[in-house]
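As structure tokens, the structure follows; a few thoughts come after it.
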Ligand SMILES: Cc1ncc(COP(=O)(O)O)c(C=O)c1O
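Residue numbers (this note's numbering): 2 to 395.
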């Protein structure tokens, strides 16, 4: 794929190196091998690194094809794919932080990030951590210290969909000599472009939109050669977080339809969000595409051409029992923790959740996190309405 002027739909299908298979197969074969024949003709071998085919943990062809495809799609210099989104996150946090360094991170963030920064990194590795409201740019500026090495942002934030002012955060970090990592899992690389705003490390759980079909775990980090190669050596070769060839192949296949899926996801989610917003049973709703979202101006600035992805946070009036009854009566939409799948998934965070005190006040009495799928908006809306009625919520 050498034409730089292809559009995103074409790049998603054709991007990534295609090997010439001896049988003429058009699709990439799955290289299920742990070992490779090592040259005996005196040619150089990168025994402990990522530059030779030696052993599947150093690199494998399916992983490399997926990395090439991600670079073609996002314009990243380099990509690394790992066994899960969490492997990608710790693959960023551990190699670039040392004892005595300081990190600024959103207090609203994915649960594993929360635990890494509240427990493991400070207690085991003596990393100083400031957890704050990352949507408050002045709080970020005030939290900078001479030893701040990283600001970690989620765009949009899980589970609130809050949006940081990425340009300002990048400016603050770089002036202070810190890196910025941005987990854009909630939007995927089609609806938001962190690298174009100067972020150093863009992270995705590929388990979600990139794969999209709810059948494989994976994570990726995108960025400059020197940073990504360090993650490859650390997280892949020496910690062992390599993505299996089979999962890399599955995710490459999912990635081919990412632009089409994000267009449909975004269109359907917008209609569902508008329906929920005007429904008297709704206590509150946050969706970046709605004018009422507290950072809608940032959605306009950072999210792509009216595509705001499909993550909605909302709550209904009524008791906890009624909300459980609502979930129990949904037929099309499933109560499950993941997101970004072709099918609609919803999860209820009840008010006793241990992260609640850090969430914006309106979230603290409980809320639903809704990942709108690819079903038609009319069917999703009908399913929600009949479940609201069955639960007796007004
Ligand atoms: C924003 C975000 N980042 C990272 C992860 C972790 O991804 P994985 O489950 O692939 O490890 C998740 C999972 O839900 C997530 O929502």
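In this text, a Cβ means the ideal position worked out from N, Cα and C, and glycines have one as well.
What you are looking at is a predicted structure, and each value in this text was computed from that prediction instead of being measured.
As assigned by DSSP and simplified to three states, the class of residue i
i, result
"residue 404", "Since the first residue of the chain shown is 2 and the last is 395, residue 404 is not available in this structure."
"residue 292", "coil"
"residue 91", "helix"
"residue 181", "strand"
"residue 370", "strand"
"residue 82", "strand"
"residue 107", "strand"
"residue 131", "strand"
"residue 29", "coil"
"residue 376", "coil"
"residue 5", "coil"
"residue 310", "coil"
"residue 56", "strand"
"residue 252", "helix"
"residue 243", "strand"
"residue 145", "coil"
"residue 69", "helix"
"residue 258", "coil"
"residue 119", "helix"
"residue 230", "helix"
Identity of the residues DSSP links to residue i by a beta bridge
i, result
"residue 335", "346"
"residue 316", "285"
"residue 304", "193"
"residue 153", "106, 182"
"residue 203", "183, 223"
CB contact flag (residue i, residue j, <9 Å)
i, j, result
"residue 85", "residue 224", "no"
"residue 209", "residue 329", "no"
"residue 212", "residue 251", "yes"
"residue 372", "residue 346", "yes"
"residue 192", "residue 155", "no"
"residue 106", "residue 130", "yes"
"residue 374", "residue 297", "no"
"residue 222", "residue 244", "no"
"residue 79", "residue 229", "yes"
"residue 392", "residue 319", "yes"
"residue 104", "residue 122", "yes"
"residue 316", "residue 284", "yes"
"residue 253", "residue 74", "no"
"residue 214", "residue 185", "no"
"residue 47", "residue 59", "yes"
"residue 303", "residue 187", "no"
"residue 102", "residue 128", "yes"
Inter-residue CB distance, residue i and residue j (contact presumed, cutoff 8 Å)
i, j, result
"residue 16", "residue 196", "Between residue 196 and residue 16 the Cβ distance is about 16 Å, and since that is not below 8 Å, they are no contact."
"residue 359", "residue 109", "6 Å"
"residue 349", "residue 326", "Their Cβ separation, rounded to whole angstroms, is 11 Å, which puts residue 349 and residue 326 out of contact at 8 Å."
"residue 418", "residue 32", "Nothing can be reported for residue 418: it is not among the residues displayed for the chain, which extend from 2 to 395."
"residue 314", "residue 370", "5 Å"
"residue 356", "residue 115", "6 Å"
"residue 311", "residue 270", "4 Å"
"residue 83", "residue 220", "5 Å"
"residue 132", "residue 141", "Residue 132 to residue 141, Cβ: 12 Å. No contact."
"residue 235", "residue 150", "Their Cβ separation, rounded to whole angstroms, is 16 Å, which puts residue 235 and residue 150 out of contact at 8 Å."
"residue 169", "residue 138", "5 Å"
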